[in-house]
């Protein structure tokens, strides 16, 4: 953190708030000291209250900015109710008299003077909703004479708002992803899109979750042709070679053919039935699009610390606090891994792979057991061959189902969906109804 800067923290869920609060409390408990950085003499936690589409209440924001943290913490409830209960709490405090000021222009002027007189201020604006609200805050409180000795941290759900606050500077934009651990364990973005399978990275924690995935895949996948099953066997055989120094395997095929499902099945086998306990950690990450090494590193750290919130928060706090490079943090974490099976799902170009490999050194031969073994999933044959240095033995083409198998799978899926639909309506659906239509 530096004076004269604005930092944005965005993402869905509560984790981003916990991270910023952890950092805020850490500074406050150490009397404003930030190891190796700024010593803040004044800290303010300012929540933006009101509905999503309400206009910013500048008077309320200003009054909350006058509250001392040591009395009110992270309070975001009704301010008038709070002050009516603790009406005498400000008599001995050298603070702006929030009860006596009711005019917005007077209140904002008082706060500007307060910030100007109290150098090295850290101000957290929590819950910012729109760029319009930021413009109001910026025009009132981020005047040049104030901004030069203040650091503002913006916490928002909206990444576009977060980016706007830092004028598009990615170095001052921190994304915190929410995790949702359902049966498939996906990482979700704020717009609900899947960012990848959030699978447990430790074998002991993964067994129960992978069992259901394995059973589901085993039920449907084995309707495929013999060549497809041979690919599964070859993948597992190749990955089981303890003397193998080539650490990258490519899987390609047309979009929607089932590449990820096939690899997921093999991935599950490695967790459930390890060979000499070769892997101790497991990561499945979808490549961000548009491609970003920073975003990829965030997703990798999410995977590696998925079951330890304290370690994840500590890593993120160090990145925000000490401005450590997220890519280098992730690189060091993988380097310390005692055997990691990493799946990179959706590599789109050779340029993307070159950027990933240059940082994480995934394709370098090694004789050591504590390394990362990478499976690359891509739609493009040329990308697949490039990732393995054109080693044909390390490239697998996933073919689609033959006609009879595809029709049988379609019938089964249709029956499952119709059965759920009729149950939701309170009725029942008999398999005979499909058989009467010629479906088996």
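Numbering (UniProt numbering), first residue to last: 1 to 440. Beta carbons: idealized from backbone N, C-alpha and C, even for Gly.
Looking only at 387, 17 and 360, the smallest Cα-Cα distance to residue 329 is reached by 360.
Annotation: residue 354 to residue 325 spans about 19 Å, alpha carbon to alpha carbon.
Residue 9 has 155 and 174 as its beta-bridge partners, per DSSP. Bridge partners of residue 288 according to DSSP: none are assigned. Judged by beta-carbon spacing, residue 156 lies within the 8 Å limit of residue 10, meaning their Cβ atoms are closer than that value.
The residue among 331, 279, 378 and 20 with its C-alpha nearest the C-alpha of residue 175 is 20. Nearest in C-alpha terms to residue 371, of all of 378, 379, 362 and 377, is 362. Taken atom to atom, the span from the alpha-carbon of residue 40 to that of residue 396 is near 56 Å. Under a 10 Å Cβ-count criterion, residue 414 is classified as exposed, with fewer than 16 other Cβ atoms of the shown protein chains found around its own Cβ. Put simply, the backbone Cα of residue 376 is about 22 Å away from that of residue 305.
Nearest to residue 250 by alpha-carbon distance, out of 12, 394, 57 and 256, is 394. With a 10 Å radius around the Cβ and a threshold of 16 neighbouring Cβ atoms, residue 381 comes out exposed. Put simply, the backbone Cα of residue 28 is about 50 Å away from that of residue 379. For residue 340, the enclosing beta strand (DSSP E) has its first and last residue at 340-345. Boundaries of the beta strand (DSSP E) harbouring residue 126: 121-128, taken from the DSSP string. Beta-bridge pairing by DSSP links residue 45 to 124. Taking the CA atoms as reference points, residue 388 sits about 9 Å from residue 247.
In the displayed model, residue 398 falls within coil according to three-state DSSP, outside both helix and strand.
With a 10 Å radius around the Cβ and a threshold of 16 neighbouring Cβ atoms, residue 358 comes out exposed. Under the three-state reduction of DSSP, residue 40 is assigned to coil, being neither helix nor strand. Check the Cα spacing between residue 286 and each of 364, 23 and 347: the tightest is with 347. Here residue 281 carries a strand assignment [DSSP, helix/strand/coil]. The Cβ-Cβ distance between residue 161 and residue 122 does not fall below 8 Å. Residue 110 and residue 283 have their C-alpha atoms some 52 Å from each other. With fewer than 16 other Cβ atoms inside 10 Å of its own Cβ, residue 254 counts as exposed. Within the same chain, 327, 355, 356 and 359 come within 8 Å of residue 293 by CB-CB distance, once the 5 residues on both sides are set aside. Per DSSP, residue 250 is one residue of the beta strand (DSSP E) stretching across 248-252. Here DSSP, grouped into helix, strand and coil, assigns residue 114 to helix. The Cβ atoms of residue 46 and residue 120 do not sit closer than 8 Å to each other. Judged by DSSP secondary structure, residue 376 falls within the beta strand (DSSP E) whose first and last residues are 372-378.
Relative to the Cα of residue 18, the nearest Cα in the group 74, 164 and 257 belongs to 74. In this structure, 159 is the residue among 26, 386, 159 and 384 with its C-alpha nearest to the C-alpha of residue 13. Burial check for residue 103: the Cβ neighbour count within 10 Å stays below 16, so the residue is exposed. Secondary structure at residue 361: coil, using DSSP grouped into helix, strand and coil. A distance below 8 Å separates the beta carbons of residue 62 and residue 107.
In this structure residue 145 touches residue 116 by the C-beta definition: roughly 6 Å separates them, less than 8 Å.
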